[in-house]
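So for the sequence shown, this note's numbering puts the first residue at 260; every next one is plus one. Each residue gets a CB set at the ideal place from its N, CA and C atoms; glycine is no exception. Values in this document were obtained by computation on a predicted structure and should not be read as measured data. What follows is a set of notes on a single structure, which appears directly below.
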Amino acid sequence: GIDDDRNGYKDDVYGIDAANDDSDPYDDGAHGTHVSGTIGAVGNNGVGVVGVNWDVRIMALKFLNAYGIGMISDAVECIEYVIMMKEEYGVNIRVTSNSWGGGGYEQALYDAISALEDAGILFIAAAGNADSDNDEIPSYPANYAVNNVISVAATDHNDALASFSSYGATSVDLSAPGVYILSTIPDNQFDTYSGTSMATPHVSGAAALVWSQFPDYTLYDVKALLISTVDPLDSLSGKVLSGGRLNVYNALTCVGGNAKMFIESPREGFYAYTEEDTTVLLWLLDCTPALGAKVVVKPTNGYSSFPLRDDGVSPDTKANDGVYTASWVPVNPGNVTLNIEATYNGNTVKDSVSGKVVELVDYCFEEVDSEWIDATAEGVDLAVKGDDTYVRIPISFNFEFYGIKHNWVNVSSNGNLTFGVVAGDYYNYPIPDANNKPNDFIAPFWDDLNPSAGGVIYYLLEGCEPDRRLTIEYYNVPVYVGDGGTFEVTLYEGTNEMVFRYQDVEFGSAYYDKGASATVGVENLTGKHGVEYSYNEPKLSAGMAISSRNVTLLLLQVIIKINQNKRRLLQMYRHLQVIPLEVIYKGRRLQTVQRAVRIKMY
């Protein structure tokens with residue numbers, strides 16, 4: 260009952276329970292005891308199971324209740340407790356094992372994990388059990404881009420990726436066994452569990468075992484060692500960064516001389532924009548980080564070579580961690596391959612990644628006259644019934660958005676369409692924003708909408724090639740607490756135009772009405788460019804419609820149309836005032852039309 264060490268917690272001899280605000284982290288859900296047994300159950304005693312590291316100390320930090328529900332603020336408190344106990348009280352903490360996840364990007368949690376890195380502590384995290392690509396749909400905390408994070412997928416006894424396991428060619432580092440894992444549970448019992456939760460403690464135990472043999476290693480040394488010594492598996496090629504499954508023996512006996520390159524960014528099949536920075540980033544590992552290497556990128560398509568550096572100068576985030584980085588600004592549209600060569604200790608390692616450079620374009624918004632399209636009559640109910648959920652649907656034609664053609668789109672319950680990373684989180688943000696996800700989206704009304712409380716989201720495809728249109732209608736969908744609203748977005752084939760229409764934007768509260776807490780706009784793949792019609796501003800009204808189109812494409816279409824038909828146009832409209840028309844595009848004068856009709860463009 261006394262805070263003897265004056266650290267702010269009474270009797271925290273095992274750790275803390277932030278969920279219940281006490282220092283008794285009793286495991287009322289069995290999950291924590293199970294992962295702890297995998298990390299460090301005692302061996303050579305003829306009882307139960309053996310952990311990866313037989314002789315290890317474990318600090319119990321609880322922020323989830325018996326039902327697996329908890330607050331991010333409590334998770335942050337647990338991390339802050341770890342840092343305090345290491346830096347102020349000398350506890351030799353090297354690893355946090357994190358078999359949990361959920362929710363969207365949280366800056367406070369990102370900052371806390373970054374503080375762990377500064378304290379020299381690894382953050383090993385479960386990739387998730389969603390059977391999805393974390394490169395496209397982030398799973399937090401595993402997806403936080405902090406150098407002390409190791410993200411872990413699960414494999415089965417056949418070394419196949421577990422059917423439930425999330426994966427990611429650049430965002431998930433390696434796999435470990437995670438199917439039917441026998442381990443400890445409370446009251447001196449044992450049971451088999453499955454999940455990336457069960458894979459994560461294998462890696463955590465391995466990290467502790469490596470540190471017991473190499474106590475002077477940095478967290479970057481240990482992370483590099485675990486990633487570079489996996490057993491390569493065909494089932495994991497293109498699924499995790501290392502392409503393999505944890506091998507503890509390899510990690511403990513690794514001998515240098517065989518450096519390996521792992522390209523993290525950009526990924527194979529990437530898109531890059533002209534006039535916009537693209538980060539090229541790779542790991543060069545030779546058991547531990549390969550420091551002092553000469554790394555050069557030799558692009559095709561007429562580009563000059565450029566170096567990657569590990570010097571801590573932006574965009575490189577930390578010097579001497581084996582991560583080599585540079586910013587590349589492409590200027591020539593078209594297919595490109597980045598051929599990368601690294602020279603280290605007299606040996607050369609090569610790899611490459613291919614993608615496409617597209618023209619960076621701009622969009623504009625304009626209020627237009629556009630009739631409401633009733634998708635409730637003949638449309639399909641997308642069955643998006645949950646809160647903060649989405650469904651992936653075919654567009655059924657190629658729709659070009661920021662220079663990239665798409666034939667699938669994710670429809671979010673929260674009033675936006677995404678082409679890549681899904682906006683599951685209810686929290687909207689201004690446009691553009693490269694730091695937060697999602698990017699590459701269309702937002703007719705991004706807010707905390709809740710179809711589970713009522714309303715329907717419809718899908719309606721109309722017309723014939725090449726003039727089809729796809730309408731997504733949010734019919735009577737309420738905000739999380741409030742009345743239902745009705746709006747829609749239509750994508751047009753050929754013109755690639757987007758039209759947002761609003762039928763009812765009154766939700767029963769001035770806080771939500773007319774878009775007062777919503778984002779309306781579009782944003783490109785990188786999040787560095789976008790056009791915002793409104794952000795938390797009540798600019799919308801019933802009956803209004805706004806159109807968004809590629810400005811550059813629109814101008815070129817109009818001028819070509821005039822050139823092809825100028826005589827007929829002038830004959831038809833010769834009674835209208837005529838004006839000289841001259842278009843300069845990217846510093847180059849296009850064909851000049853001396854006399855043309857005045858045309859209003861949408």
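Legend entry - Proximity of Y792 and F624 at Cβ, strictly below 8 Å: For this step, residue 792 is matched to residue 533 along the sequence shown. For this step, residue 624 is matched to residue 365 along the sequence shown. In contact: Y792 and F624 (Cβ atoms closer than 8 Å).
Legend entry - C-alpha distance - Y399 paired with N735, whole-angstrom precision: Mapped onto the sequence shown, residue 399 falls at position 140. Mapped onto the sequence shown, residue 735 falls at position 476. Distance between the alpha carbons of Y399 and N735 is about 31 Å.
Legend entry - Cα-Cα separation, S629 to N755: Start at 1 with the first residue of the sequence shown, and residue 629 comes out as number 370. Start at 1 with the first residue of the sequence shown, and residue 755 comes out as number 496. Cα to Cα, S629 sits roughly 16 Å from N755.
Inset, instruction - Could you tell me which of L468, Y532, I342, V308 sits nearest to N866, measuring between CA atoms? - result: Since the first residue of the chain shown is 260 and the last is 861, residue 866 is not available in this structure.
Inset, instruction - At 4 residues or longer, and completely inside the segment 687-758: list those alpha helix (DSSP H) runs for me, N to C. - result: none
Inset, instruction - On a CA-only basis, which of Y326, N324, G296 is nearest M318? Give me that one, please. - result: Position 59 of the sequence shown, counting from 1, holds the residue named residue 318. Taking only the C-alpha atoms, the option nearest M318 is G296.
Legend entry - Rounded separation between P460 and I298 - CA only: Against the sequence shown, residue 460 aligns to sequence position 201. Against the sequence shown, residue 298 aligns to sequence position 39. Spanning the two alpha carbons is a distance of roughly 5 Å.
Inset, instruction - Would you check if the distance between the CB atom of V341 and the CB atom of L375 is smaller than 8 Å? - result: Numbered from 1 along the sequence shown, position 82 holds the residue referred to as residue 341. Numbered from 1 along the sequence shown, position 116 holds the residue referred to as residue 375. Taking 8 Å as the cut-off, the Cβ atoms of V341 and L375 count as close.
Inset, instruction - Go ahead and pull the three-state DSSP assignment for W359. - result: Residue 359 sits at position 100 when you count from the first residue of the sequence shown. DSSP, read as helix, strand or coil, puts W359 in coil.
Legend entry - Identity of the residue in T512, G753, N266 nearest C723 by Cα: Indexing the sequence shown from 1 puts residue 723 at position 464. Of all alpha-carbon atoms in T512, G753, N266, the one lying nearest the alpha-carbon of C723 is that of G753.
Legend entry - V350, buried or exposed, once every other Cβ within 10 Å from all chains shown has been counted against 16: Taking the first residue of the sequence shown as position 1, residue 350 is located at position 91. The residue is exposed, with fewer than 16 neighbouring Cβ atoms inside 10 Å.
Inset, instruction - Counting only runs of 3+ residues fully inside the segment 368-410, write out the beta strand (DSSP E) ranges in chain order. - result: 381-385
Inset, instruction - Would you be able to state if there are at least three C-beta pairs under 8 Å between the segment 418-429 and the segment 382-398? - result: At 8 Å Cβ cutoff, the stretches touch.
Legend entry - Status (buried if at least 16 other CB within 10 Å, exposed otherwise) for V639: Locating residue 639 in the sequence shown gives position 380, counting from the first residue. Taking all protein chains in view, the Cβ of V639 is surrounded by fewer than 16 other Cβ atoms within 10 Å, so the residue is classified as exposed.
Inset, instruction - Write down every uninterrupted run of the alpha helix (DSSP H) in the segment 574-660 whose length is 4 residues or greater and which is fully enclosed by it, in chain order. - result: 634-637
Inset, instruction - Count the other CB atoms, across all protein chains shown, that sit within 10 Å of the CB of K259; report buried if there are 16 or more and exposed otherwise. - result: The chain is shown only over 260 to 861; residue 259 falls outside these bounds and no answer can be derived.
Legend entry - Per-residue DSSP class, three states only, for D271: For the purposes of this step, residue 271 is identified with residue 12 of the sequence shown, where counting begins at 1. If DSSP states are grouped into helix, strand and coil, D271 belongs with coil.
Inset, instruction - Could you check how far apart the C-beta atoms of L381 and R353 are, in whole angstroms? I think they sit under 8 Å. - result: For this step, residue 381 is matched to residue 122 along the sequence shown. For this step, residue 353 is matched to residue 94 along the sequence shown. Sure, about 7 Å apart at Cβ, within 8 Å.
Inset, instruction - From the DSSP output, in three-state form, read off G291 for me. - result: Taking the sequence shown and counting its residues from 1, the one referred to as residue 291 is at position 32. Three-state DSSP puts G291 in a helix.
Legend entry - Cut-off 7 Å between Cβ atoms - residues of its own chain near N266, not counting five sequence neighbours on either side: Residue mapping note: residue 266 aligns to position 7 of the sequence shown, counting from 1. Result list for N266: M343, Y348, in chain order.
Legend entry - Which listed residue (E339, A419, Y364, V431) has its alpha carbon closest to that of I383: In the sequence shown, counting from the first residue as 1, residue 383 sits at position 124. With distances taken between Cα atoms, I383 lies closest to V431.
Inset, instruction - Could you pull out every residue in the same chain whose Cβ sits closer than 8 Å to the Cβ of N666, ignoring the five residues on either side in sequence? - result: Translated into the one-based positions of the sequence shown, residue 666 becomes position 407. Hits under 8 Å: P653, I654, S655, F656, N657, F658.
Inset, instruction - Report buried or exposed for G776, applying the criterion of at least 16 other Cβ atoms within 10 angstroms of its Cβ. - result: Reading the sequence shown from its first residue, position 517 is the one you call residue 776. Per the sequence shown, the amino acid found at residue 776 is Ser instead of Gly. Answer is buried; the Cβ neighbour count reaches 16.
Legend entry - The alpha helix (DSSP H) enclosing M344, as first and last residue numbers: For the purposes of this step, residue 344 is taken as residue 85 along the sequence shown, with counting starting at 1. Start and end: 331-346.
Legend entry - Environment of K609 [buried if 16+ CB atoms lie within 10 Å]: Walking along the sequence shown from the start, residue 609 turns up at place 350. Under this definition K609 is an exposed residue.
Legend entry - Residue burial classification, D706 (beta-carbon count within 10 angstroms, cutoff 16): Here residue 706 refers to the residue found at position 447 of the sequence shown. Looking at its Cβ environment, which holds 16 or more other Cβ atoms inside 10 Å, D706 is buried.
Legend entry - For V469 and N407, the rounded distance between their alpha carbons: As a first step, residue 407 is located in the sequence shown; it is residue number 148 there, counting from the start. As a first step, residue 469 is located in the sequence shown; it is residue number 210 there, counting from the start. So the alpha carbons of these two residues sit roughly 16 Å apart.
Legend entry - Option nearest L899 by Cα separation, candidates L511, Y530, P574: Limits of the chain in this structure are 260 at one end and 861 at the other, which puts residue 899 out of reach.
Legend entry - Bridge partner(s) assigned by DSSP for P445: Looking up residue 445 in the sequence shown gives position 186. P445 is not bridged to any residue.
Inset, instruction - Give, in chain order, every unbroken run of the alpha helix (DSSP H) that is at least 4 residues long and sits entirely within the segment 421-484. - result: 455-472
Inset, instruction - Just the C-alpha distance for L815 and N809, rounded to the nearest angstrom, thanks. - result: Reading the sequence shown from its first residue, position 556 is the one you call residue 815. Reading the sequence shown from its first residue, position 550 is the one you call residue 809. Here the model assigns L815 a pLDDT of 48, short of 50, so the residue's position is not dependable, and the following value carries that caveat. Distance between the alpha carbons of L815 and N809: 10 Å.
Legend entry - Buried or exposed (CB count within 10 angstroms, at least 16 for buried), A642: Numbered from 1 along the sequence shown, position 383 holds the residue referred to as residue 642. A642 is exposed by the Cβ-count criterion.
Legend entry - Burial state of P725, where buried means 16 or more other Cβ atoms lie within 10 Å: For the purposes of this step, residue 725 is identified with residue 466 of the sequence shown, where counting begins at 1. It is exposed - the Cβ of P725 has fewer than 16 other Cβ atoms within 10 Å.
Inset, instruction - Taking 8 Å as the cut-off, decide whether the C-beta atoms of P737 and G714 are in contact. - result: Here residue 737 refers to the residue found at position 478 when the sequence shown is read from its first residue. Here residue 714 refers to the residue found at position 455 when the sequence shown is read from its first residue. Here P737 is near G714, since their CB atoms are less than 8 Å apart.
Inset, instruction - Taking all protein chains shown into account, decide if Y869 is buried (16 or more other Cβ within 10 angstroms of its Cβ) or exposed. - result: This structure cannot speak to residue 869, because the chain is shown only from 260 to 861.
Inset, instruction - Look at T864 and T443 and say whether their C-beta atoms are less than 8 Å apart. - result: This structure gives no information on residue 864, because the portion of the chain shown stretches from 260 to 861.
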